[in-house]
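So the number in my numbering is just where the residue sits in the sequence shown, counting from 1, plus 575.
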Amino acid sequence: MAIIEIENLTLALNGKNIIAKLNVEFWEGHVHAVVGPNGAGKSTLASTIAGLSGYTDFEGEIRYNGESLKGMNIDERARKGITLAWQEPARFEGLSIKSFIMASSRENDESLVLRVLDDVGLDAEDYMHRSVDRTLSGGERKKIELASILAMRPRVALLDEPDSGIDVESLERIFEAVDILKRDGTTVILITHSLAVLNRAEHAFLMCDGNIIDKGTIDKISKYFEDRCIPCDHKNMPNKAEIKETV
Ligand SMILES: Nc1ncnc2c1ncn2[C@@H]1O[C@H](COP(=O)(O)OP(=O)(O)O)[C@@H](O)[C@H]1O
Ligand SMILES: [Mg+2]
576 MAIIEIENLT LALNGKNIIA KLNVEFWEGH VHAVVGPNGA GKSTLASTIA
626 GLSGYTDFEG EIRYNGESLK GMNIDERARK GITLAWQEPA RFEGLSIKSF
676 IMASSRENDE SLVLRVLDDV GLDAEDYMHR SVDRTLSGGE RKKIELASIL
726 AMRPRVALLD EPDSGIDVES LERIFEAVDI LKRDGTTVIL ITHSLAVLNR
776 AEHAFLMCDG NIIDKGTIDK ISKYFEDRCI PCDHKNMPNK AEIKETV
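Following this line, the structure appears as structure tokens:
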């Protein structure tokens, strides 16, 4: 069953349509990947679903459990269970990691902090009392935000480029966290241009120039990575000779 249904979604930023008449459905409890070249509009799509300020004035329809998200701001959507990782880290600057994670959870339970830090592969004793600040590496920060999402137990988790700034070993922990989310029934939407991340999904969508231009199995969509694009007459289609030189 679809938990998110998007129909003819159009979103303009600074007067330019970044998303244009996009249609897609995401299924409850499944792990989806949206792949596509830089600038395709992937982060914009995620921001529009989450309702970030500046992204709520869309045309078309986004339904969540059958209910329109039109006019609903990010906090209302978050309360209904939609969460987007790695877009607004500055909001929590200076909080202790423990408080940051507790603030995400509905339960006032310190053992939860230990568990979710462990789930993302961080030593809780070391990290609990540190602050969410610039002394954390990009990878640590990502893991802490992911831990907060595990504590939150959202119904929909949008993860924008979960592999960026992450080493191979840490990426495994991120994948384990995605498995935990799925086990808990969360619908996961992975925004990525990594084949490794795509391979962890159950359904794949190819985004280009503000639209979803193909969807299907991981195998089908992973062909995009072979040529770093799919054959089409679109302006983004790279010249084959250039691909051979740069790969
Ligand atoms: N605030 C903005 N104003 C105008 N154009 C924007 C804005 N944010 C993003 N864009 C443009 O929208 C397009 C899609 O960006 P984005 O969603 O970040 O793509 P992706 O995440 O797929 O790399 C890009 O061409 C980008 O330059
Ligand atoms: Mg992006």
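The beta carbon of each residue, even a glycine, is placed where N, CA and C say it ideally should be.
Measuring alpha carbon to alpha carbon, tell me which residue in 609, 605, 630, 579 is nearest residue 590. 630
Which runs of the alpha helix (DSSP H) at least 4 residues long sit entirely within the segment 708–777? Give them in chain order. 713–727, 743–758, 770–773
* For ligand 2, list every residue whose C-beta falls under 7 Å from any of its heavy atoms, going in chain order. => 617, 618, 735, 736, 766
- Compute the beta-carbon to beta-carbon distance between residue 691 and residue 722, rounded to the nearest angstrom, for a pair I have assumed lies under 8 Å. 4 Å
Exercise. Which value, in whole angstroms, describes the spacing of the CA atoms of residue 693 and residue 746?
Worked result: 15 Å
Output needed for residue 793: all residues of its chain with C-beta closer than 7 Å, excluding positions within five of it in sequence on either side, in chain order.
773, 774, 776, 779
- Query: How big is the Cα-Cα spacing for residue 576 and residue 735?
  - Reply: 23 Å
- Query: Which residues in the same chain have their Cβ closer than 6 Å to the Cβ of residue 880, if we skip the five residues on either side of it in sequence?
  - Reply: As displayed, the chain neither begins before 576 nor continues past 822, which places residue 880 out of reach and without an answer.
Q: Pick helix, strand or coil for residue 677, following the three-state DSSP scheme.
A: helix
Please list the terminal residues of the continuous alpha helix (DSSP H) segment that includes residue 595. Taken as a continuous stretch (DSSP letters only), residue 595 belongs to no alpha helix (DSSP H), being part of the beta strand (DSSP E) at 591–602.
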